[in-house]
Amino acid sequence: MKKSLAMLMTLLFVLLGTTAWAQSYTAGVYTAQANGNNGPVTVEVEVSDAEILSVKVTEHAETAGLSDTPIERIPAKIVEGQTLAVDTVSGATNTSNAILKAAEDALAQAGADIEALKAVQEKDETAGETAERHVQALVIGAGGSGLAATITLQEQGIETLVVDKMANAGGATALTGALINGGCSKQQAERGVTDDVQTMFMDAMVYGSFQNDARMTWLMVNNTGDSVDWLHDTVGVEFEEAINHFPEHTNDRAFYPKGKLPGYLTGTMEQHYLSNGGELLLETRAQHLLTEDGRVIGASCSTADGTLNIYADVTLLATGGYGASVALRPADQMGTLFYGASSSTGDGIIMAEEVGAMTHYMQYLKSYPQGIEKPLDGGNITADGTTFRGNAYISPLASQTVTLNDGAIYVNVEGERCMNENMDFVSIKKVTQKQTDMTVYLVMDQKGYDKWMGMMEVSAGLTPEIVAPWLDADDGKPVFRKGATVEEAAEKAGIDAEKLSATVAHFNEMVASGKDDDFGRAEMSVGLDSDGPIYIVEQRLRMATSLGGLKTSTSFEVYDENEQAIDGLYACGEVIGGVHGDESMPSNCVAWAVTSGRLAAKAAADAVKAK
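Numbering follows numbering that gives the first Met the number 0, with no gaps: position 578 of the sequence shown is 577.
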């Protein structure tokens, strides 16, 4: 009997692993915080003397929809496995890491052996299986362009399967308010605005410095109005009544979907596709394209269960950009903060290049000024597992407000004022690019800082609690410092203190005279209160969108290096390079996503029907 009991205990020990048996805790409820994408994530952990009883995320400001899966899954996995060796959720890596870090800190308070809890149990290497699927059309990527393509293929009667490596559909489009160019749409005409495609085309070409692939730009402006009407009339997307004005556009043509809510546009598209019988496989990562006699015949995908080989008459890449990829980013952009989708790792470009595809415009990324580095627990980790500096708080409106109204100025690390602070964003960006480390610094007095901080708390979730440890730090990122005097603030920020003191004094002298002799700034009615305190905040380049990618025909067939179509392979959205030139206009990224998705799908459907 004793021998049988011993054997049973040994078997249970093997099945359960060592972690649950080795741990002991001080029973109670413990709380900890860690930084996620949008600020602190608070986790509550309850333990008995031998077991983790519950893990709950009790407070957070993470993006709705995208954060739902890790908030639900990771605490459950910790309790289920009695372990911290839990995989992060693709597309929500920073949220996942924050939950794990906070849970770790809470368990440490309870006296846990953290290293034992983080030990990875051996997995059964024989568990993975290889399965097959056969469809007429395979769409890789379920962001704005991929969803537009899948709905269009569905409308064309094509048997379609869409896969996405992330835990949620929506891609980069879901992270934005989805501002879209509705030029020449019924929506625009109903609001009393007259427009024409020639004007739209020239606006886009001028803004892209005439570096655009004009073929694709022309396709976009000729069809984006129809895309907006299709979204409204067919898909069910409602738009704000007001049309937004941007100086880059000759006419008012930029529309926000109703509520300007991230995820509304792609969520409505996803629901439309699924409610009409569509099939979407999430957490299914396309690894390689499958080929036969030079023709693309599908893709090999990794899943939680193993490998899924999907064979298709046509394969459409809608995999997004490469801003989060160290391998594909231009070398001179490595210091730019990335705040886009962690899925933007260039998968489609890499897979297509493996079968001989041609790329162009890879040197271009859409960058903006006025970013502040966002420190993240666990590092800034993208969906391909690469860690690099990235993620940003975005401060253009707050920074512009205090330079316009409160005497704030921009200086470089040498302590010298370097621009007219109230120029347009592209001009500010170009000046920033020329400074040491491509960084300028916003210098504010108490009145300016209070206004700036109030705006940042509302617009970016940057709270006084978050910035408190940065203000008195002598080093580290971000550079966000407070000093009793100009000199003290400069020293903490690593800026030439003597030079900055002279710069502030000179600026105040020009304010007294009412004229900016250095840069021609018009707003010179308010100076800086140099008696202190003084605040200095870094303003760095940030980006979310890449502008290069695959080269395709005007039927969206992916070209090889000889500019010949690769049979069976199509592309749409950000994975295609050149449509924007060297800068993307407001509202044109989403316009291109939806429009190219529809056009590529129609071309692919025609190819299937012709077989």
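A virtual CB, placed ideally from N, CA and C, is assigned to each residue, including glycine.
Bear in mind that the values here come from a model prediction, so they are computed numbers and not experimental data.
**Q.** Coarse secondary structure for residue 588, derived from DSSP in three states
**A.** helix
Q) Which value, in whole angstroms, describes the spacing of the CA atoms of residue 334 and residue 459? A) 21 Å
Q. Helix, strand or coil for residue 68 per DSSP?
A. helix
Q.
Ignoring anything shorter than 3 residues, give me the beta strand (DSSP E) runs that lie fully in the stretch 401 to 435, in order along the chain.
A. 408 to 410
Q) Should residue 502 be labelled buried (16 or more other beta-carbon atoms within 10 Å of its own) or exposed? A) buried
**Q.** alpha helix (DSSP H) runs contained entirely in the stretch 29 to 83, provided each spans 4 or more residues
**A.** 67 to 80
**Q.** Runs of alpha helix (DSSP H) lying entirely within the stretch 323 to 379, each at least 4 residues, in chain order
**A.** 346 to 353
Q | Inter-residue spacing [alpha-carbon to alpha-carbon] between residue 293 and residue 600 | A | 21 Å
(Q) Between the stretch 157 to 171 and the stretch 269 to 277, can you find at least three pairs of beta-carbon atoms closer than 8 Å? (A) yes
Q | Continuous beta strand (DSSP E) stretch holding residue 275: start and end | A | No beta strand (DSSP E) holds residue 275; DSSP gives it neither H nor E.
Q: For residue 594, count neighbouring Cβ atoms within 10 angstroms of its own Cβ and tell me buried if that reaches 16, exposed if not.
A: buried
Q. Could you give the residue range of the beta strand (DSSP E) that holds residue 135?
A. 128 to 139
Q | First through last residue of the beta strand (DSSP E) which encompasses residue 308 | A | 305 to 316
Q.
Between which residues of its own chain and residue 395 is the CB-CB distance below 6 Å, once the five residues before and five after are set aside?
A. 369
Q.
Here's a check: name, in chain order, each residue in its chain whose Cβ is nearer than 6 Å to the Cβ of residue 496, leaving out the five neighbours to either side.
A. 486, 489, 490
Q: Consult DSSP for residue 506 and reduce its assignment to one of helix, strand or coil.
A: helix
Q: Compute the Euclidean distance between the alpha carbons of residue 269 and residue 309, then round it to the nearest angstrom.
A: 21 Å
Q) In angstroms, rounded to a whole number, what distance separates the CA positions of residue 467 and residue 73? A) 29 Å
Q. What's the call for residue 273, buried or exposed, on a 16-neighbour Cβ count within 10 Å?
A. exposed
Q: Answer yes if the stretch 413 to 431 comes into contact with the stretch 347 to 355, meaning at least three C-beta pairs across the two stretches below 8 Å, and no otherwise.
A: no
(Q) Using the three-state DSSP reduction, which class does residue 290 fall into: helix, strand or coil? (A) strand
Q: Name the residue from 60, 90, 95, 59 whose alpha carbon lies nearest to the alpha carbon of residue 75.
A: 95
Q: Would you check if the distance between the CB atom of residue 611 and the CB atom of residue 179 is smaller than 7 Å?
A: Lying outside 0 to 610, the shown extent of the chain, residue 611 is not represented and no answer is given.
Q. Is the distance from the Cβ of residue 371 to the Cβ of residue 392 below 7 Å?
A. yes
Q: Following the continuous beta strand (DSSP E) through residue 479, name the residue where it begins and the one where it ends.
A: 479 to 482
Q: Go ahead and pull the three-state DSSP assignment for residue 144.
A: helix
Q: Have a look at residue 167 and residue 299 and give me their C-alpha separation to the nearest angstrom.
A: 20 Å
Q: Give every residue of the same chain whose Cβ lies closer than 6 Å to the Cβ of residue 327, excluding the five residues on either side of it in the sequence, and list them in chain order.
A: 321, 345
Q. Is it true that the CB of residue 574 sits closer than 7 Å to the CB of residue 336?
A. no
Q. Excluding five sequence neighbours on each side, which residues of the same chain lie with their C-beta closer than 6 Å to the C-beta of residue 29?
A. 44, 105, 108, 109
Q) Using the rule of at least 16 other Cβ atoms within 10 Å of the residue's Cβ for burial, across every protein chain shown, is residue 433 buried or exposed? A) exposed
Q.
Helix, strand or coil for residue 240? Go by DSSP, reduced to three states.
A. coil
**Q.** Reduced DSSP category for residue 568 - H, G, I as helix; E, B as strand; rest coil
**A.** strand
Q: Check residue 518 in the structure and name its three-state DSSP category.
A: coil
Q. Of the choices 313, 233, 118, 413, whose alpha-carbon is the least far from that of residue 147?
A. 233
Q) Any idea what DSSP makes of residue 468, helix, strand or coil? A) helix
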